[in-house]
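Chains as they are written, first to last, in the working numbering: chain X, 1 to 142; chain F, 1001 to 1155.
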């Protein structure tokens, strides 16, 4: 297990930027900045004509670290401890569950809570609890 | 123009993920590890990410939603569902397990692609497969019976 340092200022600032992006997307397109919804709609069936905008949003997400490296010459730490099997299982569950539950950390946790949605509150409590239980089992039940 | 703006918004979102530390699965897992509170390894940073994001979004949404319409669209597309169905618990429970196994939720996973790691590629491919599968199952006649409206993606 890699220990990480507590970064309240950077995390608060970064969180505020995520919020700013959610507000800007609502202002520009009138839509919720839910990454699972945006990513899932990159694939058929296509129900509207917003594909290009969604591709552009996801491209922005992917280009962000490239820009950071260009400007600062470095990237912050990123430790992915999971091996291939765990990555595949975790990825499948994350993708399936976030679409099955109509949203993920951004759609429910940020946008939904900000709209005082009860559905999003239930979803956020549930994925937090499930995540904590999973980490507990993986780290402390061996 | 609308496309360029959405690229810029995705960029701000991604920069926020990186600056906040959400793009590092180790930080996320150390937040989810509540046993670390006693052990002294708990990283509370993620709570600050959520607080910052919700504070800005709460204030921002209330302002923006007073506008007659979005800048590039004819109307606001807000989720309308209020019913508490089994899927609003089952979906997040499944997602939470995946999140706890690796430390990636969908946004940081996509941003991780730009870090250039093979692990992120493997995770994102599996994640997209899971998303496509969930949408496919949701539109089968046997499951749409329980869901009205039938849009599985509506928050």
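C-beta: ideal position from N, C-alpha, C; glycine also. Computed from a prediction, not measured in an experiment: that's the story for all the values here.
Collapsing the DSSP output to three states places residue 1081(F) in coil. For the pair residue 134(X) and residue 1123(F), the Cα-to-Cα distance works out to about 17 Å. In terms of CA proximity to residue 1114(F), 75(X) leads the group 99(X), 95(X), 75(X). Taken in chain order, the whole alpha helix (DSSP H) runs of length 4 or more contained in the stretch 11-45 of chain X are 35-40.
Burial of residue 27(X) is indicated by the presence of at least 16 other C-beta atoms within 10 angstroms of its C-beta.
Contact of residue 115(X) with chain F by beta-carbon distance below 7 Å involves 1061. The residue from 1087(F), 1050(F), 1120(F), 1027(F) with its alpha-carbon nearest to that of residue 100(X) is 1087(F). Less than 8 Å divides the Cβ of residue 1048(F) from the Cβ of residue 11(X). For residue 1131(F), the secondary structure class from DSSP, reduced to helix, strand or coil, is helix. Residue state for residue 1066(F) is assigned as coil, using DSSP reduced to three classes. For the pair residue 48(X) and residue 54(X), the Cα-to-Cα distance works out to about 11 Å. Within chain X, the residues whose beta carbon sits less than 7 Å from that of residue 1027(F) are 4, listed in sequence order.
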